[in-house]
Each structure stands twice: as structure tokens, then as C-alpha cells.
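Undergrad: Shown below is the structure under consideration.
Chains as they are written, first to last, in the numbering used here: chain A, 611 to 673; chain B, 3 to 411.
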């Protein structure tokens with residue numbers, strides 16, 4: 611999942627958990643999802659190697 | 003002592019001019035004789051004042067003229083001319099009264115070196131882009147906060163790509179760089195950059211950087227092409243231009259969603275800092291944990307309160323029941339026949355257990371059971387003796403006892 615969306619969802623979960631009077635079951639479900647998203651976000655952030663790709667050849671370079 | 007005074011008075015009266023009169027007349031003559039004209043020369047002694055007005059001289063090998071170019075006239079120019087620049091100036095010759103100085107009020111300035119013509123082309127292209135709304139600030143798109151893929155349109159072996167690579171590696175290696183190679187200067191650059199920009203749409207990037215590294219001497223021509231500017235405007239994702247230098251704003255800069263002074267700055271603008279993001283994530287983790295703790299604490303509190311109420315309610319019930327039970331017990335006790343017997347009463351019953359309450363039930367000689375408080379005795383109704391005829395001690399007592407028993411039952 612896209613990191614930005616991951617983080618957005620995580621922020622939403624935290625906000626709801628803090629603000630809304632959810633029933634305990636729903637709160638637990640949200641928490642579990644939050645933990646999962648945290649793990650995924652941290653995993654993504656841990657990726658250290660920048661990937662570089664080259665798109666095709668230089669257009670018109672040899673003209 | 004009055005003579006010198008007279009002398010001066012006389013001279014003045016004969017028509018000696020004041021300084022202001024001379025400069026005013028000179029200005030009139032110059033302005034009448036030299037209408038606004040194009041002057042060619044080299045810029046020297048350039049100085050921009052805080053007011054925004056420019057002061058400099060134009061010179062050739064023999065002569066020089068002071069020039070002023072007011073802010074309203076110079077602010078449309080891409081930048082101030084460097085000393086030594088050959089220019090065409092459209093100017094009005096005049097006399098500056100306060101200094102008695104002959105000078106040119108410059109209204110327009112064009113570089114004679116490639117740029118002179120270029121500026122005209124630039125202005126025409128800019129007007130066309132403006133007319134089509136491509137310079138509208140509302141068109142500028144926001145850069146994605148966490149880009150997954152960054153397209154870089156630049157020379158594949160230039161300094162721009164190296165700089166961008168270094169910055170993205172440091173800040174946001176989560177992203178992927180897709181280099182879209184282009185020839186950014188010299189012959190064919192315009193077509194090459196246009197083609198590369200068109201290709202950006204196909205690499206599915208979130209953001210694109212159009213970069214060009216290197217010194218001020220390099221030509222920016224490709225990035226001032228209207229065609230390239232339109233190709234840039236057509237890129238479906240936000241574009242950061244890093245092609246100009248400090249003073250020259252290119253058409254690409256004007257059309258781009260963000261103008262960065264250097265390729266490194268463009269890469270910084272395109273990426274978040276991983277360390278900061280990690281901090282933010284850690285903070286979210288704390289809040290997540292705290293959020294759940296608070297939520298479950300609320301549940302525990304509520305449970306406790308409910309349990310308290312439950313216990314209270316049950317205790318109340320129990321006490322009431324106990325009180326009721328005690329009350330009923332007391333009443334039962336009061337009603338018990340045993341209690342009555344204890345007070346000295348007795349119950350007479352026949353062999354079947356029927357209670358004998360009336361005299362008719364107790365004929366002479368009838369045997370019956372008498373229940374007293376601590377047990378039963380067998381009894382019999384004595385024959386009735388006329389009380390006046392037989393008065394015997396003891397038997398009277400017996401009879402009385404029997405009568406008592408019969409009467410009470």
C-alpha cells in the first residue's frame with residue numbers, strides 16, 4: 611500500500627480512538643488495524659536502497 | 003560699500019541667468035532636438051537602488067552617457083544587465099536639473115547578444131502562454147507529500163542527476179527514481195526535452211523534476227521554448243523546474259508547479275525527510291497505544307461502577323427480605339396455638355382429634371384428650387351431681403375442674 615495512504619489511515623485510526631466513544635470491540639479492532647499499519651509503515655521506511663530506473667534511451671541525443 | 007551691491011544688481015538686471023533657468027532651457031532644447039531613440043552601447047557602472055530604479059552608464063570606445071531606468075520600466079525584465087553587456091536601449095535624452103547632467107531615461111532594454119532577439123521571442127511566448135491560462139497561479143498543483151516514484155527529466159550523465167540522486171537517497175530512499183533522459187542543451191534539445199516530458203506520463207510517477215545543472219554560461223534556450231513550456235504544462239503530475247539560475251526565469255519556470263533554484267533544491271522539495279517521518283510514526287504509535295489504554299480503562303471503570311451498583315442492589319434486596327422474614331416469623335409465633343396453651347388454656351379433643359368446643363359434645367362419661375402446654379392427658383366427663391345435695395370436699399373440686407375443662411374447650 612502507498613505510504614501516504616497508509617499514514618493517512620493510521621492518523622485517522624488514532625484520531626478516532628482518541629476522540630470517539632467507540633464500543634470496546636470496535637476500539638480493539640481499530641487498534642489491531644493501527645498496529646498492522648504501523649508495522650507496514652515502519653517496514654516501508656526501513657527500505658534504505660534507492661532504486662533508479664532509466665526510461666528508454668535519450669531522445670534526439672545523436673541528432 | 004554700496005558699489006559691489008550695485009554691480010551685482012546691475013548684472014542681474016542685465017540678464018544673468020540662474021542655474022535653474024539654464025538647466026530648464028537646456029532640457030527643453032535637448033528634448034526638442036532629440037526625440038526618444040534607440041541607443042546601442044555597453045552597460046557600465048550598473049547600480050540598482052532600493053527604490054527599484056536602475057542607474058548605469060552606456061558607453062562605447064569614445065563616449066559615455068548616464069542612464070536611469072525607473073522601476074516601472076525595468077520590472078518586466080528578466081534581470082539586471084551585467085556590466086559589460088552590449089544592449090539596445092530605447093531612451094529619451096534629457097537633462098537632469100538637479101545635477102545639470104545630460105542623461106538618458108531608458109524605457110526598454112534589450113541585450114544584443116542572442117538574448118536581444120530572444121527576449122522578444124520570450125515575451126511573445128509568455129503572452130501566448132498567459133492567454134491560454136498556463137501561467138495562472140491557480141493551475142499550480144500541490145506536490146505529493148510521500149512520492150512513490152519521481153521522474154527526472156535531465157541529461158543522464160549530468161551533475162543535476164547526481165545531485166538529485168544524492169538528496170533523494172538521503173531523504174526518501176523509499177521512492178523510486180525514474181530517469182527520463184533528455185538532451186538539455188545544444189542542437190535538438192528542444193525536441194528532446196519535449197519528447198522526454200511527454201514520456202513522463204507513461205512512467206506513472208507522482209511528481210517530476212526537470213533538471214539542468216551547471217554554470218551560468220550554459221544556455222537556457224530549450225527551457226525558454228514555448229513548445230517545451232507547453233509540453234511541461236501537459237505533464238499529468240506536478241512538475242518542479244530546476245533549470246534556470248537565480249536571475250533568469252525561464253518559460254518552464256513560469257509554467258512549472260514549483261520553481262527550484264537548483265536540482266538539489268528540487269529534490270528536497272519533492273521529498274519528505276525520512277527521519278522526520280519516522281518521528282511522526284513513532285508519535286502515532288504512542289498515541290495509538292495511549293488511545294487504546296484510555297478506551298479500555300474507561301471500560302474497566304464502567305464495569306467497576308456497574309459491579310458496585312449490582313452489589314448494592316442485591317444487598318438492599320437481601321436486607322429487605324430478611325426484615326420481612328423476621329416480621330412474618332414474629333406474627334407466626336404470636337398465632338401459634340402452643341403459645342396460647344402456654345398461657346394456661348387447654349384444648350379438648352375426641353379420639354379422632356376433633357376439637358370439642360360445645361357442652362353438647364361432652365355428654366356424661368365421654369372420654370376425651372386434653373392438650374395442655376406440656377403434653378396430653380386422658381379425661382372423662384363426670385356425671386352431673388346436683389350441687390346442693392351432695393357437697394363433698396374434694397369432689398366439688400373435681401367437678402369444678404371438669405367443668406372448667408368443658409367450658410374452656
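A virtual CB, placed ideally from N, CA and C, is assigned to each residue, including glycine.
Note that the coordinates shown come from a computational prediction; the quantities given were computed from them, not determined experimentally.
#1: Let me know the secondary structure DSSP gives residue 210(B) once reduced to three states.
#2: Could you list which residues in chain A have their beta carbon closer than 7 Å to that of residue 293(B), in chain order?
#3: DSSP state of residue 113(B), grouped into three classes?
#4: If you draw a straight line from the C-alpha of residue 656(A) to the C-alpha of residue 136(B), how long is it?
#5: Anyone know if the C-beta pair for residue 243(B) and residue 254(B) falls short of 9 Å?
#6: Taking the alpha helix (DSSP H) that residue 25(B) belongs to, which residues open and close that run?
#7: If you draw a straight line from the alpha carbon of residue 204(B) to that of residue 665(A), how long is it in whole angstroms?
#8: Can you look up residue 663(A) in the DSSP assignment and give me helix, strand or coil?
#9: According to the neighbour-count rule (16 or more other Cβ atoms, all chains shown, within 10 Å of its Cβ), is residue 113(B) buried or exposed?
#10: Per DSSP, what kind of secondary structure is residue 84(B) in: helix, strand or coil?
#11: Within the chosen definition, does the region 294–312 of chain B reach the region 327–338 of chain B through at least 3 CB pairs nearer than 8 Å?
#12: Look at the alpha carbon of residue 73(B) and the alpha carbon of residue 53(B), and state the distance between them as a whole number of angstroms.
#13: Determine, for residue 266(B), whether the minimum Cβ-Cβ distance to residues of chain A falls below 9 Å.
#14: Less than 9 Å between the beta carbons of residue 264(B) and residue 215(B), yes or no?
#15: Can you name, in chain order, every residue of its own chain whose Cβ lies under 6 Å from the Cβ of residue 184(B), other than the five neighbours on each side?
#16: Roughly how many whole angstroms lie between the Cα atoms of residue 56(B) and residue 105(B)?
#17: Starting from residue 48(B), follow the beta strand (DSSP E) in both directions and report where the run begins and ends.
#18: Would you mind giving the Cβ-Cβ distance between residue 256(B) and residue 128(B), rounded to the nearest angstrom? I have them listed as a contact below 8 Å.
#19: Looking at the ligand GDP, does it come within less than 8 Å of residue 612(A), judged from the CB to the closest heavy atom?
#20: Looking at the structure shown, is residue 137(B) part of a helix, part of a strand, or coil, going by DSSP?
#21: Report yes or no: do the region 308–320 of chain B and the region 270–280 of chain B share at least 3 C-beta pairs separated by less than 8 Å?
#22: What residue does the alpha helix (DSSP H) around residue 318(B) start on, and which one ends it?
#23: If you count every other CB in all the chains shown that lies within 10 Å of the CB of residue 187(B), and 16 or more means buried, which is it?
#24: Quick one: residues in its chain with C-beta nearer than 7 Å to the C-beta of residue 68(B), no 5 flanking neighbours on either side, listed in chain order?
#25: Which residues in the same chain have their Cβ closer than 7 Å to the Cβ of residue 142(B), if we skip the five residues on either side of it in sequence?
#26: Contact criterion: CB-CB distance below 9 Å. Does residue 167(B) meet it with respect to chain A?
#27: Check whether the Cβ atoms of residue 181(B) and residue 662(A) lie closer than 9 Å to each other.
#28: At a Cβ threshold of 9 Å, is residue 153(B) touching chain A?
#29: What's the C-alpha gap between residue 79(B) and residue 175(B)?
#30: Is residue 162(B) helix, strand or coil by DSSP?
#31: For residue 89(B), collect the residues of the same chain with a Cβ closer than 8 Å to its Cβ; drop the 5 residues on either side in sequence, then sort them by chain order.
#32: Using the beta-carbon count (16 or more within 10 Å), is residue 383(B) buried or exposed?
#33: Are the CB atoms of residue 627(A) and residue 641(A) within a distance shorter than 9 Å?
#34: Would you say residue 375(B) and residue 327(B) are within 9 Å of each other, going by their C-beta atoms?
#35: Expressed to the nearest angstrom, what Euclidean distance is found between the alpha-carbon atoms of residue 371(B) and residue 365(B)?
#36: May I ask you to list the residues that DSSP assigns as paired with residue 64(B)?
TA: Based on what the coordinates show:
#1: Residue 210(B): strand per DSSP, three-state reduction.
#2: Neighbours of residue 293(B) on chain A, chain order: 624, 627, 628.
#3: DSSP places residue 113(B) in strand when its eight states are reduced to three.
#4: Counting only the Cα atoms, residue 136(B) lies some 40 Å from residue 656(A).
#5: Yes, the pair counts as a contact, with Cβ atoms nearer than the cut-off.
#6: Looking at the DSSP string, the run of the alpha helix (DSSP H) that includes residue 25(B) is 21–35.
#7: C-alpha separation (whole angstroms): 9 Å.
#8: Collapsing the DSSP output to three states places residue 663(A) in a strand.
#9: Sixteen is the threshold: when 16 or more other Cβ atoms of the shown chains lie within 10 Å of the Cβ of residue 113(B), as they do, the residue is buried.
#10: It is coil, neither helix nor strand.
#11: No, the region 294–312 of chain B is not in contact with the region 327–338 of chain B.
#12: Their backbone Cα atoms lie some 7 Å apart in a straight line.
#13: No, no contact with chain A.
#14: Taking 9 Å as the cut-off, the Cβ atoms of residue 264(B) and residue 215(B) count as close.
#15: Excluding sequence positions up to five before and after residue 184(B), its CB lies within less than 6 Å of the CB of 155, 194, 195, 198, all in the same chain and listed in chain order.
#16: Taking the straight line joining both Cα atoms gives about 13 Å.
#17: From DSSP, the beta strand (DSSP E) with residue 48(B) extends over 39–50.
#18: Residue 256(B) to residue 128(B), Cβ: 7 Å. Contact.
#19: This structure does not include the ligand GDP; it has no bound ligands of any sort.
#20: DSSP places residue 137(B) in coil when its eight states are reduced to three.
#21: Taking a cut-off of 8 Å for Cβ pairs, the region 308–320 of chain B and the region 270–280 of chain B do not touch, as fewer than three such pairs fall below it.
#22: Where residue 318(B) is concerned, the enclosing alpha helix (DSSP H) stretches over 276–337.
#23: So residue 187(B) ends up on the buried side.
#24: Excluding sequence neighbours, residue 68(B) sits near 59, 103, 105.
#25: Shown here for residue 142(B): same chain residues with a beta carbon closer than 7 Å to its own, the five before and five after excluded, namely 259 in chain order.
#26: Answer yes: the Cβ-Cβ gap between residue 167(B) and chain A drops below 9 Å somewhere.
#27: Contact: yes.
#28: Closer than 9 Å to some Cβ of chain A, the Cβ of residue 153(B) qualifies, so yes.
#29: When rounded, the distance between both Cα atoms is 40 Å.
#30: Helix at residue 162(B).
#31: Hits under 8 Å: 42, 43, 44, 45, 60, 83, 111, 112, 113, 114, 118.
#32: Residue 383(B) should be labelled buried.
#33: Yes.
#34: No. Outside cutoff.
#35: When only Cα atoms are considered, residue 371(B) and residue 365(B) end up about 14 Å apart.
#36: None, per the DSSP bridge assignment.
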